[in-house]
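Trainee:
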Amino acid sequence: MTSQKIVLHFPRKIVNQPVIWTLIKEYDLECSILKANITPSEEGLMVLELKGNNDNYKLGIDFLTELGLKIQPLSQDIIRNKERCIDCGVCIPVCPAGALEADPETRKVSFNDSKCVVCEFCVQVCPFKAMEVRFE
Amino acid sequence: MKKTIQEINEKIRKGKAVVVNAREIIDIVEQNGIEKAARDVDVVTTGTFGPMCSSGAYFNIGHSKPKIKIGGGKAYLDDVPVYTGFAAVDIYLGATAMPDDDPRNKVYPGEFAHGGAHVIEDLVKGKDIKFEATAYGTDCYPRKKLETHININDLNEAVLFNPRNAYQNYNVAVNLSDKTIYTYMGILKPNLGNANFCSAGQLSPLLNDPYYKTIGIGTKILLGGGVGYVAWQGTQHNPDVPRKDNGVPQAPAGTLAVIGDLKQMKPGWLVGTTMCGYGVTLTVGIGVPIPIIDEEICKYTAVKDEDIWTQIVDYSEAYPQGKKESLGEVNYAQLTSGAITVQGKEVPTGNLSSYSKAIEIANTLKDWIIKGEFLLSESVAELPGPGSGYTFKPLKERELVS
Ligand code: SF4
Ligand code: SF4
Chain A
19 MTSQKIVLHF PRKIVNQPVI WTLIKEYDLE CSILKANITP SEEGLMVLEL KGNNDNYKLG
79 IDFLTELGLK IQPLSQDIIR NKERCIDCGV CIPVCPAGAL EADPETRKVS FNDSKCVVCE
139 FCVQVCPFKA MEVRFE
Chain B
25 MKKTIQEINE KIRKGKAVVV NAREIIDIVE QNGIEKAARD VDVVTTGTFG PMCSSGAYFN
85 IGHSKPKIKI GGGKAYLDDV PVYTGFAAVD IYLGATAMPD DDPRNKVYPG EFAHGGAHVI
145 EDLVKGKDIK FEATAYGTDC YPRKKLETHI NINDLNEAVL FNPRNAYQNY NVAVNLSDKT
205 IYTYMGILKP NLGNANFCSA GQLSPLLNDP YYKTIGIGTK ILLGGGVGYV AWQGTQHNPD
265 VPRKDNGVPQ APAGTLAVIG DLKQMKPGWL VGTTMCGYGV TLTVGIGVPI PIIDEEICKY
325 TAVKDEDIWT QIVDYSEAYP QGKKESLGEV NYAQLTSGAI TVQGKEVPTG NLSSYSKAIE
385 IANTLKDWII KGEFLLSESV AELPGPGSGY TFKPLKEREL VS
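Structure, rendered in structure tokens:
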């Protein structure tokens, strides 16, 4: 039996395919979607908990890899270094999960960890190196 | 009713001056009208905190024994090359300079984690900085090599001198192409994925004095958390761009060259900045006080985000090719709402400039003035205004004839 949390990056061309359905039907895996953010015709992201017997788990992962999905184990987390963050907000539009938001009055930027899908876009985008990847 | 700067300074000395920030003046004018507001308020403080590439600092590092003439040689601060084309031990560190062995964009997009701006930030924090110099040696300056640590407190002079800061308005950057681009306006996602802008809008110094009626050469300002001065108009100063009826330019216009003693500046207000795939830059905090000498100035300082308009520019084609094409005009109220519409598509917006830090700067300056610690200066010469003939010209390339 294998059970693992993984992050899937979907390229634009396969966003419309029934990936989860295949994992359940063909590979007999238990899938719990922890977080997801996919918009038609754009890149998608999903944090998934996959459970099943070892062979099926391996075949399922192979199937995802062959489709062209990037798979990462969810063993990392994003944290914001409040000392470095200047509350500019340039990270907000690149966050696919709506985890970064500006307060309309103070225009300070808040980071909602529970929405974050660990795509790391903000890590690359932040000019002040305030968004950091933490490996667990 | 008119007030002179001397009269305002007299009130500041007596602790009686009424000082508000450029956000607060909006409501005061709305509630009381221009006439009363101009009478009641003496100073409006502005602020901005954003990446400003044309920044740097010069230093006199003092003479070693035996002496070395670094002028005409090579020198590095924490591996970042400095300009040595001055006298023996004067050097200039540019914000965008980076180590010789930085891969730049060879590994695309380049990371640009360390450069001149980061060294400036570290100096202000009081950190020791590695200094290396090589020279050719002369009879009076025989030494050829120097390796040591320097600290800002030991330097004879450490002066921040930025040739272009505080842009009066700026473009909104978008990407019409189908691949991600890495620009000085940040990472722009394909097919209008995001729209980045860079201004404090209604708080920004030159947007509150659009015709440079009070801000001029010699104006005393807040710079990097300390005190500084306007040294000159900034490079690319361009007062003649189209303006709205309120006088506010609809495109990048005026700029300031600013100077101040780096030793009294504070950590947090000069921040080394990394633009992925573009390079290194310095984020600079600037606050400018505007004396309310008459109703006209008061009206300018009451400008609101919704009255400040700017152009949307495609950074995949129009900007790099130098084409003057706008994809439309938007105001800062629209930009700060989180999304704008470009070519019929809703595009999320991001600001490179921190509005909340700009407020903090305007409030710090306000505090200094209220406490009587900061008096206003009369400018000694005006900045070139619209109609002065001062323009921002493109380069005329000519073929080299040998
Ligand atoms: S881009 Fe960086 S500094 Fe700006 S708000 Fe986001 S995390 Fe903070
Ligand atoms: S890593 Fe950053 S951009 Fe990605 S979801 Fe989390 S907060 Fe948003």
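Chains A and B supply the protein sequences, listed in that same order.
FYI, the numbering for the first sequence is 19 to 154, going by the numbering used here.
FYI, the numbering for the second sequence is 25 to 426, going by the numbering used here.
Backbone N, C-alpha and C fix where the C-beta goes; we use that ideal spot for every residue, glycine too.
(1) Does the segment 61 to 81 of chain B come within contact of the segment 311 to 326 of chain B, defined as at least 3 CB pairs closer than 8 Å?
(2) Using beta-carbon positions only, say whether A:Leu85 and A:Val65 come within less than 8 Å of one another.
(3) With 8 Å set as the bound, which would you pick, yes or no: does the beta-carbon of A:Ile51 sit closer than that to a beta-carbon of chain B?
(4) With 7 Å as the limit, tell me which residues of the segment 124 to 151 of chain A have their beta carbon closer than that to any beta carbon of chain B; keep them in chain order.
(5) According to DSSP, which residues form a beta bridge with B:Arg47?
(6) What residues sit near ligand 1, counting only those whose C-beta is closer than 6 Å to one of its heavy atoms, in chain order?
(7) For A:Glu44, count the other beta carbons within 10 Å of its own beta carbon; 16 or more makes it buried, fewer makes it exposed. Which is it?
(8) Quick one, are the C-beta atoms of B:Glu171 and B:Ala99 less than 8 Å apart?
(9) Looking at the C-beta of B:Gly118, does it have a partner C-beta in chain A at a distance below 8 Å?
(10) Taking the straight line between their C-alpha atoms, what separation do you get for A:Leu63 and B:Tyr236?
(11) Between which two residues does the alpha helix (DSSP H) carrying B:Glu384 extend?
(12) Cβ-heavy atom distance between A:Ile51 and ligand 2 below 7 Å?
(13) Using a Cβ cut-off of 8 Å (strictly closer), state whether A:Val108 contacts chain B.
(14) What do you reckon, are the CB atoms on B:Thr297 and B:Leu306 nearer than 8 Å?
(15) Is the beta carbon of B:Ala190 closer than 8 Å to that of B:Pro229?
(16) Shortest alpha-carbon distance to B:Cys222 belongs to which of B:Asn193, B:Glu349, B:Asp124, B:Asn177?
(17) Exposed or buried, what is A:Phe129 when buried is set at 16 or more other beta-carbons lying within 10 Å of its beta-carbon?
(18) Less than 8 Å between the beta carbons of B:Cys427 and A:Val143, yes or no?
(19) Going by C-alpha distance, which of B:Lys35, B:Glu319, B:Gly284, B:Leu351 is nearest B:Ala219?
(20) Under 8 Å between C-beta atoms, does A:Val33 make it to chain B?
(21) Throw me the rounded Cβ distance for the A:His27 and A:Leu118 pair, which I believe falls under 8 Å.
(22) Contact criterion: CB-CB distance below 8 Å. Does A:Pro36 meet it with respect to chain B?
(23) Contact defined as beta carbons within less than 8 Å: I believe A:Val127 pairs with A:Val141. What is the distance between those atoms, to the nearest angstrom?
(24) I want to check one thing, is the minimum distance from the CB of B:Phe398 to the heavy atoms of ligand 2 below 7 Å?
(25) Give, in chain order, every residue of the segment 65 to 97 of chain A whose Cβ lies closer than 8 Å to some Cβ of chain B.
(26) Taking Cβ-Cβ distances shorter than 9 Å, what residues in chain B pair up with A:Asp46?
(27) So which residues of chain B does A:Pro111 contact, with C-beta pairs closer than 9 Å?
(28) Per DSSP, which residues does B:Gly333 bridge with? Please list them.
(29) With a threshold of 16 other CB atoms inside 10 Å of the CB of A:Gln22, please say whether the residue is buried or exposed.
(30) When the Cα atoms are used, what is the spatial distance from A:Val37 to A:Phe153?
(31) Starting from A:Gln142, trace the beta strand (DSSP E) both ways and give me its first and last residue.
(32) Indicate the three-state DSSP secondary structure (helix, strand or coil) for A:Phe81 in the structure shown.
(33) Can you name the residues of chain A whose CB is closer than 9 Å to the CB of B:Phe416?
(34) With distance defined between alpha-carbon atoms, name the residue in B:Ser426, B:Asp338, B:Gln345 nearest to B:Glu353.
(35) Tell me, please, whether the CB atom of A:Ile104 is closer than 8 Å to any CB atom in chain B?
(36) Run down chain E in chain order and give the residues with a C-beta less than 8 Å from the C-beta of B:Gly210.
Mentor: The short version:
(1) yes
(2) By 1-based counting over the first sequence, the position of residue 85 of chain A is 67. By 1-based counting over the first sequence, the position of residue 65 of chain A is 47. Against a cut-off of 8 Å, the Cβ pair of A:Val65 and A:Leu85 comes out as no contact.
(3) On the first sequence, position 33 is the one that residue 51 of chain A refers to. No, A:Ile51 does not count as interfacial toward chain B.
(4) Thr124, Arg125, Lys126, Gln142, Val143, Pro145, Phe146, Lys147
(5) By 1-based counting over the second sequence, the position of residue 47 of chain B is 23. The partner list for B:Arg47 (beta bridge, DSSP) is empty, contrary to what the question assumes.
(6) A:Arg98, A:Cys103, A:Ile104, A:Asp105, A:Cys106, A:Gly107, A:Val108, A:Cys109, A:Val127, A:Cys144, A:Phe146, A:Ala148, A:Met149
(7) By 1-based counting over the first sequence, the position of residue 44 of chain A is 26. Exposed.
(8) Stepping through the second sequence from its first residue, residue 171 of chain B is reached at position 147. Stepping through the second sequence from its first residue, residue 99 of chain B is reached at position 75. Contact flag unset, no.
(9) In the second sequence, counting from the first residue as 1, residue 118 of chain B sits at position 94. No, B:Gly118 does not count as interfacial toward chain A.
(10) Counting from one through the first sequence, the residue named residue 63 of chain A turns up at place 45. Counting from one through the second sequence, the residue named residue 236 of chain B turns up at place 212. Going from the Cα of A:Leu63 to the Cα of B:Tyr236 covers about 50 Å.
(11) Against the second sequence, residue 384 of chain B aligns to sequence position 360. That run of the alpha helix (DSSP H) goes 379 to 394.
(12) Position 33 of the first sequence, counted from the first residue, corresponds to residue 51 of chain A. Because no heavy atom of ligand 2 lies under 7 Å away, the Cβ of A:Ile51 does not count as near it: no.
(13) Locating residue 108 of chain A in the first sequence gives position 90, counting from the first residue. By this cut-off, A:Val108 is an interface position.
(14) Here residue 297 of chain B refers to the residue found at position 273 of the second sequence. Here residue 306 of chain B refers to the residue found at position 282 of the second sequence. Yes, Cβ-Cβ distance for B:Thr297 and B:Leu306 is below 8 Å.
(15) Translated into the one-based positions of the second sequence, residue 229 of chain B becomes position 205. Translated into the one-based positions of the second sequence, residue 190 of chain B becomes position 166. Closer than 8 Å, so yes.
(16) Your numbering for residue 222 of chain B matches position 198 in the second sequence. Looking at the Cα atoms, B:Asn193 is the closest of the given residues.
(17) As a working note, residue 129 of chain A is residue 111 in the first sequence. Looking at its Cβ environment, which holds 16 or more other Cβ atoms inside 10 Å, A:Phe129 is buried.
(18) A question about residue 427 of chain B goes unanswered here, because the residues of chain B that appear run from 25 up to 426.
(19) As a working mapping, residue 219 of chain B is identified with position 195 in the second sequence. Of B:Lys35, B:Glu319, B:Gly284, B:Leu351, the residue nearest in Cα terms is B:Leu351.
(20) By one-based count along the first sequence, residue 33 of chain A stands at place 15. It does not; no Cβ of chain B falls within 8 Å.
(21) Here residue 27 of chain A corresponds to residue number 9 of the first sequence, with the count starting at 1. Here residue 118 of chain A corresponds to residue number 100 of the first sequence, with the count starting at 1. A:His27 to A:Leu118, Cβ: 19 Å. No contact.
(22) One-based indexing of the first sequence puts residue 36 of chain A at position 18. Taking Cβ atoms only, chain B never reaches closer than 8 Å to A:Pro36, which makes this a no.
(23) As a working mapping, residue 127 of chain A is identified with position 109 in the first sequence. As a working mapping, residue 141 of chain A is identified with position 123 in the first sequence. About 15 Å separates the two Cβ atoms, so there is no contact after all.
(24) Numbered from its first residue, the second sequence carries residue 398 of chain B at position 374. Incorrect: B:Phe398 has no Cβ contact closer than 7 Å to ligand 2.
(25) none
(26) Stepping through the first sequence from its first residue, residue 46 of chain A is reached at position 28. By Cβ distance, chain B contributes nothing, its closest Cβ being about 38 Å from A:Asp46, past 9 Å.
(27) The residue given as residue 111 of chain A occupies position 93 in the first sequence. Within 9 Å Cβ-Cβ: Lys213, Gly217, Asn218, Ala219, Asn220, Gly362, Ala363, Val371, Pro372, Thr373, Gly374.
(28) Residue mapping note: residue 333 of chain B aligns to position 309 of the second sequence, counting from 1. Looking at the sequence provided, one finds Trp at residue 333 of chain B rather than Gly. In the DSSP output, where bridge partners are listed per residue, B:Trp333 has B:Asn355.
(29) Position 4 of the first sequence, counting from 1, holds the residue named residue 22 of chain A. Exposed is the call here.
(30) The count along the first sequence starts at 1 and reaches residue 37 of chain A at position 19. The count along the first sequence starts at 1 and reaches residue 153 of chain A at position 135. So the alpha carbons of these two residues sit roughly 28 Å apart.
(31) Looking up residue 142 of chain A in the first sequence gives position 124. Careful: A:Gln142 lies outside any beta strand (DSSP E), inside the alpha helix (DSSP H) at 139 to 143.
(32) Locating residue 81 of chain A in the first sequence gives position 63, where the first residue counts as 1. If DSSP states are grouped into helix, strand and coil, A:Phe81 belongs with the helices.
(33) For the purposes of this step, residue 416 of chain B is identified with residue 392 of the second sequence, where counting begins at 1. Residues of chain A passing the Cβ test: none, with the nearest at roughly 25 Å.
(34) What you label residue 353 of chain B is simply residue 329 of the second sequence in a count that begins at 1. Selected option, being the one with the closest Cα: B:Asp338.
(35) As a position in the first sequence, residue 104 of chain A is number 86, starting the count at 1. Output row for A:Ile104: interface = yes.
(36) Of the chains in the structure shown, none is chain E; the protein chains are A and B.
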